[in-house]
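Using the numbering used here, read the sequence shown as starting at 1496 and increasing by one per residue.
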Amino acid sequence: MLFCRTIISRSTAMQAHKPAPATGFSNANYEPGNQVPCGHPQYAPGTYQGVAGMENYGFQVQAMGVPAGLAVPPIQNQPIVKEGTIWMPIPPSLPNCPPGLEYLTQIDQILIHQQIELLEILTGFETNNKYEIKNTLGQRVYFAAEDTDCCTRNCCGPSRPFTIRIIDNLGHEVITLQRPLRCSSCCFPCCLQELEVQAPPGTPVGYVVQNWHPCLPKFTIQDEKRMDILKIIGPCVVCSCCEDIHFEVKSVDETSTVGRISKQWTGFLKEAFTDADNFGITFPMDLNVKMKAVMIGACFLIDFMFFEHAGDNQQRTGVWQ
């Protein structure tokens, strides 16, 4: 009897002196190793909850639970959620890398989704294009928006000069694309399409220049010194009909393929009634980050040249139309 009373007394004393919850933990019943700090996701670092809509692109994201007894420490570099959109984690600054392009050093594939504009569908009134740029996990890397006045958009149509501003998840403009007014047909080989890529804004890092060819869409990617770096070659007939359209990115001598810009088929209804397009871009992981930015610019130029509907809602099918 005396022995039992001693055990009960010790148990009561331990409960009376139970330590308070550690900093960052809100549960009064906290026990070390069994709770995740407040404000942090309930899954392990590097794994993310499923992203809505990613099953349409063949990517599967699986969540991973935290093993019992393992507490996840606060992590600074986690995905940022803003208004339901998951942004890619902010990478550390790198030497000799334009600010904001550090994201591109960590990926070899990106997806570009043009947003559907309801006003444009209902009235045919051309509005500024907007795009989401995502990685393969569905995390938004950048957001791009066209900055063109109303008169230019509706008078010049797909051939219009434009400025596209690309911002990161901090709201900083990191890339600016500028397209001057040029001819859209190979009938005028002295005045073909060109796009300047600036990163940061005001500092050119490269150019996309259309090359004359009687049948094929061809472009050259140049660096800031106008030196040829890569070539882009499209199909003879650029018409989206139930399949993806691929523009191959090749070496300067066109002997090897180093990447691809693909226009993805989005279905009959979307293709027929909107000009909102989806693109995928692949490039080598170790490609110069400035050239990755220029490839993004090339994708936008290709979109306007071949897949942006004109006033008669007809898509261009080749270099002569």
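Heads up, the beta-carbon is just placed ideally off N, CA and C, and yes, glycines get one too.
The Cβ neighbour count for residue 1738, taken over all protein chains shown within 10 Å, is under 16; the residue is labelled exposed. Per DSSP, residue 1792 is one residue of the alpha helix (DSSP H) stretching across 1784–1797. In the structure shown, the three-state DSSP call for residue 1691 is strand.
Around the beta-carbon of residue 1707, fewer than 16 other beta-carbon atoms lie within 10 Å, marking it exposed. Every beta strand (DSSP E) of 3 residues or more that sits fully in the stretch 1584–1610 is shown, in chain order, as 1604–1609. Pairwise C-beta distances place the stretch 1774–1788 out of contact with the stretch 1639–1659, as fewer than three of them are shorter than 8 Å. Within the same chain, 1726 and 1728 come within 8 Å of residue 1749 by CB-CB distance, once the 5 residues on both sides are set aside. Contact check for residue 1747 and residue 1790: beta-carbon distance about 15 Å, past the 8 Å limit, so the pair fails to qualify. The DSSP-derived three-state label of residue 1649 is helix. Separation of residue 1701 and residue 1607 (C-alpha to C-alpha, rounded to the nearest whole angstrom) is 20 Å. Excluding five sequence positions before and after residue 1677, the CB atoms of its chain that fall closer than 7 Å to its own CB belong to 1686, 1687, 1688 and 1689, given in chain order. The beta carbons of residue 1594 and residue 1704 sit no closer together than 8 Å. Going by DSSP, residue 1708 is part of no beta strand (DSSP E) at all; its letter is neither H nor E. The distance from the Cβ of residue 1757 to that of residue 1741 is about 5 Å, consistent with a contact at the 8 Å cut-off. When secondary structure is reduced to three states using DSSP, residue 1778 falls in the coil class, being assigned neither helix nor strand. Annotation for residue 1757: the continuous beta strand (DSSP E) segment containing it runs 1752–1759.
The alpha carbon of residue 1586 has as its nearest neighbour, out of 1664, 1632 and 1674, the alpha carbon of 1664.
Here the C-alpha atom of residue 1598 lies approximately 7 Å from the C-alpha atom of residue 1636. Under the 10 Å beta carbon count, residue 1650 is surrounded by fewer than 16 other beta carbons and is classified as exposed.
When beta bridges are read from the DSSP output, residue 1773 appears opposite 1608 and 1759. Around the C-beta of residue 1781, fewer than 16 other C-beta atoms lie within 10 Å, and the residue is accordingly described as exposed.
Scanning 1600, 1722 and 1652 for the CA closest to the CA of residue 1588 turns up 1600. Annotation for residue 1796: 1674, 1688, 1690 and 1703 place their beta carbon closer than 7 Å to its own, counting only its chain and skipping 5 residues before and after.
Just measuring C-alpha positions, the residue of 1579, 1604, 1596 and 1591 sitting nearest residue 1778 is 1604.
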